[in-house]
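Structure, as structure tokens:
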Amino acid sequence: MRDLHHHYRLPRRRLLGPRPLLPVLHGVSLEIAAGRSLGVVGESGSGKSTLARLVMALETPASGSVQLLGRDLHRLPPAQLRSARRDFQMVFQDPYGSLDPRQSVERIVTEPLRALARPTRAELRERAAEVLAQVGLRAGDAGKYPHEFSGGQRQRIAIARALITRPRLIVADEPVSALDVSVQAQVLNLLAELQERHGVTYLLISHDLAVVSHLCDEVLVLQGGRVVERGAPRELFARPQHPYTQTLVAAVPRLVV
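Numbering-wise, the sequence shown is residues 1 to 257 according to the UniProt record's numbering.
Written as structure tokens, this is what we have:
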């Protein structure tokens with residue numbers, strides 16, 4: 001990302017008046033090397049999810065650029081952007097709301113593949129079995145529906161869906177916040193294993209410093225749409241320099257014995 005700015009237009013306050021702007025991001029720049037993980041932390045309203053939507057080219061920035069593998073995603077013609085989506089996928093926060101309850105697991109995980117190409121029925125079945133195995137599920141699970149799985153298993157299905165196109169980048173927006181603590185560890189370990197096996201790059205959006213410390217090589221702290229601090233998680237959380245980062249670290253619950 002290079003000098004990224006973004007805002008939203010609010011409803012008019014007067015019938016014929018202009019729609020006021022709500023600035024969300026102010027000159028955000030970042031870079032992630034292939035096979036590495038960058039965590040973005042900050043409180044609600046800091047701009048984290050907007051950042052994720054801009055990286056996924058779901059929204060267009062007011063100014064600045066988002067480049068992946070040398071391509072400016074927001075300047076690509078629609079057909080080229082559609083093709084480029086093979087290289088970047090997303091894991092959403094809610095494993096209950098992000099999966100269509102009316103569709104089978106096979107249809108859910110192969111949706112990105114069907115949107116990008118015209119694979120045969122046999123190819124879809126083979127790829128679904130492949131990615132389900134990668135996330136620790138069985139090939140027989142392909143015929144089931146989301147309500148037959150636990151929250152952790154549903155998030156594994158969501159991760160399988162993100163893996164189906166063999167992407168270079170996965171954007172994970174609060175991927176474990178809706179899960180129990182014990183299940184969170186399982187999903188984070190799975191993400192780490194997949195990165196080691198396939199070299200996938202992660203942009204992890206989170207408010208949980210422990211989650212970011214577990215998975216990320218570098219952390220970027222966002223406050224009010226501005227980057228206020230960045231660095232390796234162990235160093236940054238042990239010796240935070242910016243007052244806002246110090247507040248975040250101080251708010252982490254600690255066990256008293």
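Note that beta-carbon positions come from the ideal geometry of N, C-alpha and C, so glycine has one too.
Computed from a prediction, not measured in an experiment: that's the story for all the values here.
Only counting the same chain, and skipping five residues up and downstream in sequence, which positions put a Cβ closer than 8 angstroms to that of residue i?
i	result
Arg-19	Arg-9, Leu-10, Pro-11 and Arg-12
Ser-46	Leu-222, Gln-223, Gly-224 and Gly-225
Lys-144	Ser-104 and Val-105
Leu-255	Any reading at Leu-255 must be qualified, since the residue scores a pLDDT of 43, below 50, and its modelled position is unreliable; the value itself is stated next. There are no such residues.
Arg-53	Glu-59
Glu-216	A small correction: the amino acid at residue 216 is Cys; Glu does not occupy that position in the sequence shown. Around Cys-216: Ser-37, Leu-38, Gly-39, Tyr-202, Leu-204 and Pro-233.
Val-257	Because Val-257 carries a pLDDT of 40, less than 50, the predicted location of this residue cannot be relied on, and the following value inherits that uncertainty. Same-chain partners within the cutoff: there are none.
Ile-108	Leu-99, Asp-100, Pro-146, Ile-157 and Arg-161
Val-228	Val-221, Leu-222, His-242, Tyr-244 and Thr-245
DSSP puts residue i in a beta bridge; with which residues?
i	result
Ala-178	In DSSP, Ala-178 forms no bridge with anything.
Glu-218	Leu-38
Ala-172	Val-91 and Leu-204
Ser-63	His-5
Gln-223	Arg-226
Arg-71	Leu-68
List the whole-angstrom C-beta distance separating residue i from residue j, where the pair is believed to meet the contact cut-off of C-beta under 8 angstroms.
i	j	result
Gly-152	Gln-186	6 angstroms
Leu-58	Val-28	Going by Cβ atoms, the distance from Leu-58 to Val-28 rounds to 16 angstroms, so no, they are not a contact pair.
Pro-77	His-6	With 8 angstroms as the limit, Pro-77 and His-6 do not qualify as a contact, their Cβ atoms being about 22 angstroms apart.
Pro-112	Ile-164	5 angstroms
Leu-248	Leu-30	In fact, because the Cβ distance is near 18 angstroms, the residues do not count as touching under 8 angstroms.
Pro-167	Gln-89	5 angstroms
Ala-158	Leu-73	Wrong, their Cβ atoms sit about 22 angstroms apart, outside the cutoff.
Leu-190	Arg-239	The pair is not a contact, with the Cβ atoms about 31 angstroms apart (cut-off 8 angstroms).
Ala-160	Leu-132	5 angstroms
Gly-199	Ala-34	7 angstroms
Leu-21	Gly-64	About 16 angstroms; that fails the 8 angstroms criterion.
Ala-122	Thr-110	Not confirmed; about 12 angstroms, so no contact.
Asp-87	Leu-169	7 angstroms
If I measure Cβ to Cβ from residue i and keep anything under 7 angstroms in the same chain, skipping five residues before and after, which residues do I get?
i	result
Asp-94	Ala-178
Val-183	Gly-151 and Gly-152
Lys-48	Val-40, Gly-42, Ile-205 and Leu-222
Arg-154	Pro-95, Tyr-96, Leu-99 and Pro-146
Gln-246	Pro-240
Arg-2	Ser-29, Gly-64 and Ser-65
Ala-192	Leu-215
Ser-136	Note that residue 136 is Gly in the sequence shown here, rather than Ser. If we look at Gly-136 and ignore the five residues flanking it on each side, its Cβ neighbours are Arg-156 and Leu-190.
Considering residue i, what are the terminal residues of the alpha helix (DSSP H) in which it resides?
i	result
Thr-50	48 to 55
Arg-82	78 to 84
Pro-23	Not the alpha helix (DSSP H): Pro-23 falls in the beta strand (DSSP E), residues 21 to 28.
Gly-151	151 to 163
Ala-133	121 to 134
Glu-31	No alpha helix (DSSP H) holds Glu-31; DSSP gives it neither H nor E.
Val-249	243 to 250
Leu-99	It is not in any alpha helix (DSSP H) - Leu-99 carries neither H nor E in the DSSP assignment.
Ala-115	111 to 116
If you follow the beta strand (DSSP E) that residue i is in, where does it begin and where does it stop?
i	result
Arg-230	226 to 231
Note down, in chain order, each residue of its chain lying with its Cβ closer than 6 angstroms to the Cβ of residue i, except the 5 sequence neighbours on either side.
i	result
Val-252	Leu-209
The ligand COA and residue i: does any heavy atom of the ligand fall closer than 6 angstroms to the residue's C-beta?
i	result
Gln-186	You won't find the ligand COA in this model; it holds no ligand whatsoever.
*Can you find at least 3 beta carbon pairs, one from the stretch 26 to 44 and one from the stretch 204 to 217, that sit closer than 8 angstroms?*
Counting C-beta pairs with one atom in each stretch, the stretch 26 to 44 and the stretch 204 to 217 have three or more that are closer than 8 angstroms, which means they touch.
*asked:* Any contact between the stretch 107 to 117 and the stretch 169 to 185? By contact I mean 3 or more CB pairs, one from each, below 8 angstroms.
replied: no
*Do the stretch 57 to 71 and the stretch 235 to 246 meet, that is, are 3 or more Cβ pairs less than 8 angstroms apart?*
no
*Decide if the stretch 138 to 152 is in contact with the stretch 164 to 173; the criterion is three or more beta carbon pairs, one per stretch, under 8 angstroms apart.*
No, the stretch 138 to 152 does not touch the stretch 164 to 173.
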